[in-house]
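J.:
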Amino acid sequence: MSIELIIGILNIVLISTTPLVFAGIGELVTEKSGVLNLGLEGLMLVGAVTGFITLVITGNYFYSLFLSIISGVILSGIFAFLVLNLMTNQIATGLALTIFGIGLSAMLGKKFGGTPIDGLNPYYFIVISFLLVFFVAYFLSKTKTGLIVRAVGENHNSAYALGYNVIKTRYLTIIFGGVMSSLAGYYISICYAPMWQEGMTAGRGWIALALVVFATWKPWRLLVGAYIFGGVAIMQMNLQAIGVKLPGQFFNMMPYLATIIVLVFISSNKLRLKLSAPSSLNIPFEKNQ
Amino acid sequence: MVFLIRVQLREDYSNLIFYLSPLVAVALTLFFGSFIFLILELSPIESFKIFFISPISNSYGISELFVKATPLAIIALGLSYCFKNNIYNIGAEGQLTMGAIFGGGIGLLLNDSTSVFLLPTMILFGALGGAFWATIPAILKIKFNTNEILTSLMLTYVALFILDYFVVGPWKDPAGYGLPKSMPFPDAGRLPVLIDGLRVHIGVYFALIICLITYIIYNKTLFGFKLKVTGLSTKASQYAGFKYKNLIFYTFIISGVCAGLAGLFEVSGPIGLLYRDISPNYGFTAIIVAFLGRLNPFGIILSSLLIALTYLGAEDAQLFLKIPSAVGFVFQGLVLFFLLGTDFLNKYKVFIK
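Protein chains in written order, with numbering that gives the first Met the number 0: chain A, 0 to 288; chain B, 0 to 352.
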């Protein structure tokens, strides 16, 4: 393999992995506060389509980015209201969000299917994604607010007793996660593709969800994990191009299998589980208790 | 004007609200749905007619309604065991796929068979395939305390890639013009239809039988009682000496068997072969069906018909209103949102003053 080929492959890995970093780091913060949001795929698709439509109509990148973010705020705000105020089941609500998002994005984007646009340079977003991981890692481990987020995710009753506002904290982390998913979607439709197609996120929301577990809820590991997952996907295409006779599906299922193995490893030991997973994950917080 | 909303935990449990809230959720969905049609510059009344009434205004439509409702009902009935037990198996889509691979695989291996035993064997293997795939998260949960939500979800995608491998690889139809699909199953491996010329098949009977068995299990057996107690309070169940691990295992197996059956019925019934997209998200949509039906076997039958209608309506809407069939997903998502939202009223009293 020549140097050019290797650089070329690394370049493709960089460009194709970035949405996983965005969606994954957002979900990581949400889960750190004790909320499991299965709506990533829906949020990404709606973020992708709103950004795309706005760009086609206004021709302005700033507006399109802004509205894409707003779509994430609104949808994740609805999710937050349901799971936090109405204390609905997080799994069911997240699935509803994904199903709703798949449908909504397809409806909104129907007229914009083949419209060509000038894509944005992906490298801005790649740089931002690295900075974001750094920021989240610093925020969660070194700042007071970050500690509050973790405390809320570990034991919401204790955090509440200490006087922290559990509901408000979780609203903010859910909306942060929603905005990050929208950005992931925006990146896919504006930089990566650049075009709109129904269901174009192609399951990346689910991979991002797996990624958070794979990284055992640690930001830097998430970054590494994202590039492993992204790299495996690209490697598969290249290996097949040079004639390796391993079915591509085998590579495609690797992220999911690897996540299950990591999950088994961390949860088989109580202490290890405590050190990695937020204890209050997926447990609703009821003030009256 | 300021409304002060105060909520208070309900001390009395209202059966009326419990069974009424799905109807409220459906009404709210229709209300918000009409706004969606207005935004798309369509007349809501006209659109609703195309969406909800015209699809079932003839015998073909009613047959299709049952074709779609059958897998949803069978999967949701199976899932209700898990959900009652507070076990979140959300991997029914994967278990369905495995059922289709196992059962369908038998049909492809014995593709020159004319034996009357072929179909029962396929059904058996379909159930086994689903059960096998459900055993994995169950055992991981029991042995290693692994979160079943994440493992069952991840296994869904693994199953989809396995199916993909088979239909583009070893099981690809040599005469299929290179398309990613298998050969058709032999006639002996096809599910009999109920009425000639229509697609509604004997899976409907299976759904009804599973519904009745489930009703009896929930209301007349110790196993059903154990599920009920565990669902209400894990502590009480432990105190009573019920083996929670066994319950996890059995409920997972039951829901896996049901999802596997649904998958096999799909491929040996309406589809007739294996290919990539054997299920339009039935495994996930069945979760909505189970919740909407209140985990009650008869409720699940009713909600499966309603959700099946959103599939049919969406297809008609695409044809006649020129809107993407994904509009069905919008309605499914909305109805689940509202249902979960109105559940709040079961737990809390709301005062406005």
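Heads up, the beta-carbon is just placed ideally off N, CA and C, and yes, glycines get one too.
Check whether chain A comes within 9 Å of Thr134(B), counting only Cβ atoms and requiring the distance to be less than that.
T.: Taking the second sequence and counting its residues from 1, one reaches residue 134(B) at position 135. No - not a single Cβ of chain A is within 9 Å of the one on Thr134(B).
J.: Is DSSP giving Phe184(B) helix, strand or coil here?
T.: For this step, residue 184(B) is matched to residue 185 along the second sequence. In this structure, Phe184(B) counts as coil in the three-state DSSP scheme.
J.: Check whether the Cβ atoms of Met234(A) and Phe21(A) lie closer than 9 Å to each other.
T.: Locating residue 234(A) in the first sequence gives position 235, where the first residue counts as 1. Locating residue 21(A) in the first sequence gives position 22, where the first residue counts as 1. No. Outside cutoff.
J.: Using a Cβ cut-off of 9 Å, which residues of the region 321-335 of chain B contact any Cβ in chain A, in chain order?
T.: Under the 9 Å Cβ criterion, the region 321-335 of chain B contributes Lys321, Ile322, Pro323, Ser324, Ala325, Val326, Gly327, Phe328, Val329, Phe330, Gln331, Gly332, Leu333, Val334, Leu335.
J.: Skipping 5 residues on each side, what residues in its chain have a beta carbon closer than 8 Å to that of Phe205(B)?
T.: For this step, residue 205(B) is matched to residue 206 along the second sequence. So the list reads Thr69, Ile73, Leu260, Phe264, once near-sequence residues are dropped.
J.: Helix, strand or coil: how does DSSP classify Arg5(B) here?
T.: Your numbering for residue 5(B) matches position 6 in the second sequence. Looking at Arg5(B) - three-state DSSP - the assignment turns out to be strand.
J.: Can you give the Cα-Cα distance for Leu190(B) and Ser181(A), rounded to whole angstroms?
T.: Here the question's residue 190(B) lines up with position 191 in the second sequence. Here the question's residue 181(A) lines up with position 182 in the first sequence. One C-alpha to the other measures close to 44 Å.
J.: Check whether the Cβ of Met0(B) lies closer than 9 Å to any Cβ atom in chain A.
T.: Here residue 0(B) is taken as the residue at index 1 of the second sequence, counted from 1. Caution applies to Met0(B), whose pLDDT of 47 falls short of 50 and renders its modelled position unreliable; the value that the coordinates give is listed next. No, because no Cβ of chain A sits closer than 9 Å to the Cβ of Met0(B).
J.: Is it the case that the Cβ atoms of Thr215(A) and Ala276(A) are separated by a distance below 9 Å?
T.: Locating residue 215(A) in the first sequence gives position 216, where the first residue counts as 1. Locating residue 276(A) in the first sequence gives position 277, where the first residue counts as 1. Cβ atoms of Thr215(A) and Ala276(A): closer than 9 Å.
J.: Going by alpha carbons, who is nearest to Gly229(A) out of Ile206(A), Gly177(A), Ser128(A)?
T.: Here residue 229(A) corresponds to residue number 230 of the first sequence, with the count starting at 1. The residue with the shortest Cα to Cα distance from Gly229(A) is Ile206(A).
J.: On the CB-based measure, 16 or more other CB atoms within 10 Å of its CB, does Gln288(A) come out buried or exposed?
T.: Position 289 of the first sequence holds residue 288(A). Because Gln288(A) sits at a pLDDT of 45, beneath the cut-off of 50, its placement in the model cannot be relied upon, and the following sentence gives the value as read from the coordinates. When all chains shown are included, Gln288(A) counts as exposed.
J.: Residues of the region 335-350 of chain B with a CB closer than 8 Å to any CB of chain A: list them in chain order, please.
T.: Taking 8 Å as the Cβ-Cβ cut-off against chain A, the residues of the region 335-350 of chain B that qualify are Leu335, Phe336, Leu339, Gly340, Asp342, Phe343, Lys346.
J.: I think Asn345(B) touches Ile16(B), with their Cβ atoms under 8 Å apart; what is that distance to the nearest whole Å?
T.: Sequence index remark: in the second sequence, residue 345(B) carries index 346 (1-based). Sequence index remark: in the second sequence, residue 16(B) carries index 17 (1-based). Right, their Cβ atoms sit about 5 Å apart.
J.: Kindly give me the distance between the Cβ atoms of Gly184(A) and Leu44(A), rounded to whole angstroms, as I take these residues to be in contact under 8 Å.
T.: Stepping through the first sequence from its first residue, residue 184(A) is reached at position 185. Stepping through the first sequence from its first residue, residue 44(A) is reached at position 45. Confirmed, about 6 Å.
J.: If we define contact as Cβ-Cβ less than 9 Å, is Phe17(B) a contact residue for chain A?
T.: For the purposes of this step, residue 17(B) is identified with residue 18 of the second sequence, where counting begins at 1. No, no contact with chain A.
J.: Go ahead and label Ser42(B) buried or exposed: buried means 16 or more other beta carbons lie within 10 angstroms of its beta carbon, across all protein chains shown.
T.: For this step, residue 42(B) is matched to residue 43 along the second sequence. Ser42(B) should be labelled exposed.
J.: May I have the straight-line CA-CA distance separating Ser363(A) from Thr87(A), to the nearest angstrom?
T.: Since the displayed chain A opens at 0 and closes at 288, residue 363(A) lies outside it and no answer follows.
J.: Whose C-beta lies closer than 7 Å to the C-beta of Ile44(B) among residues of the same chain, with five residues either side of it excluded?
T.: Along the second sequence, read from residue 1 onward, the residue named residue 44(B) stands at position 45. If we look at Ile44(B) and ignore the five residues flanking it on each side, it has no Cβ neighbours.
J.: Return the chain-ordered list of same chain residues with a C-beta closer than 7 Å to the C-beta of Gly71(A), the five sequence neighbours on each side being excluded.
T.: Residue mapping note: residue 71(A) aligns to position 72 of the first sequence, counting from 1. For Gly71(A), where only same-chain residues beyond five positions count, the Cβ hits under 7 Å are Leu42, Gly46, Gly177, Val178, Ser180, Ser181.
J.: Answer yes or no: does any C-beta atom of chain A fall closer than 9 Å to that of Ser13(B)?
T.: Position 14 of the second sequence, counting from 1, holds the residue named residue 13(B). Chain A, which has no Cβ nearer than 9 Å to the Cβ of Ser13(B), makes this no.
J.: Look at Gly198(A) and Gly332(B) and say whether their C-beta atoms are less than 9 Å apart.
T.: In the first sequence, residue 198(A) corresponds to position 199, counting from 1. In the second sequence, residue 332(B) corresponds to position 333, counting from 1. No, these two residues do not count as a Cβ contact at 9 Å.
J.: For chain B, find out if any of its Cβ atoms is closer than 9 Å to the Cβ of Val212(A); answer yes or no.
T.: Here residue 212(A) refers to the residue found at position 213 when the first sequence is read from its first residue. With 9 Å as the cut-off, Val212(A) counts as an interface residue toward chain B.
J.: Taking just the CA atoms, how far does Ile173(A) sit from Gly76(A)?
T.: The residue given as residue 76(A) occupies position 77 in the first sequence. The residue given as residue 173(A) occupies position 174 in the first sequence. In a straight line, the C-alpha of Gly76(A) is about 7 Å away from that of Ile173(A).
J.: Taking Cβ-Cβ distances shorter than 7 Å, what residues in chain B pair up with Ile101(A)?
T.: Taking the first residue of the first sequence as 1, we reach residue 101(A) at position 102. What Ile101(A) touches in chain B: Ala325, Phe328.
J.: Please classify Val166(B): is it buried, with 16 or more other beta-carbons within 10 angstroms of its beta-carbon, or exposed?
T.: Numbered from 1 along the second sequence, position 167 holds the residue referred to as residue 166(B). Val166(B) comes out buried.
J.: Taking 9 Å as the CB-CB limit, is Val165(A) close to chain B?
T.: Position 166 of the first sequence, counted from the first residue, corresponds to residue 165(A). Closer than 9 Å: no.
J.: Just to confirm the assignment: which complete alpha helix (DSSP H) runs, minimum length 4, are found wholly within the region 265-329 of chain B?
T.: Runs found: 281-291, 296-315.
J.: Chain A partners of Val157(B), CB-CB under 7 Å?
T.: Position 158 of the second sequence, counting from 1, holds the residue named residue 157(B). What Val157(B) touches in chain A: Met252, Tyr255, Leu256.
J.: Might you give, ordered along the chain, the residues of its own chain that have their beta carbon closer than 7 Å to the beta carbon of Glu285(A), omitting 5 neighbours on each side?
T.: Numbered from 1 along the first sequence, position 286 holds the residue referred to as residue 285(A). Correct list, in chain order: Met86.
J.: Kindly say whether Asp163(B), judged by its beta-carbon, lies nearer than 9 Å to any beta-carbon of chain A.
T.: For the purposes of this step, residue 163(B) is identified with residue 164 of the second sequence, where counting begins at 1. Yes, contact with chain A.
J.: Against chain B, with Cβ distances strictly below 9 Å, would Ser267(A) count as a contact?
T.: Counting from one through the first sequence, the residue named residue 267(A) turns up at place 268. Yes, its Cβ sits closer than 9 Å to a Cβ of chain B.
J.: For Gly32(B) and chain A, any beta-carbon pair shorter than 9 Å?
T.: Mapped onto the second sequence, residue 32(B) falls at position 33. Chain A, which has no Cβ nearer than 9 Å to the Cβ of Gly32(B), makes this no.
J.: In the region 239-267 of chain A, which residue ranges form an unbroken beta strand (DSSP E) of at least 3 residues, counting only runs that do not cross its ends?
T.: Listed in chain order, nothing qualifies, since the region 239-267 of chain A has no complete beta strand (DSSP E) run of 3 or more residues.
J.: Helix, strand or coil for Val28(A), going by three-state DSSP, please let me know.
T.: Locating residue 28(A) in the first sequence gives position 29, where the first residue counts as 1. Helix, per DSSP.
J.: Out of Gly247(A), Lys167(A), Ile259(A), point me to the one whose CA is closest to Ile148(B)'s CA.
T.: Against the second sequence, residue 148(B) aligns to sequence position 149. Closest by alpha carbon: Ile259(A).
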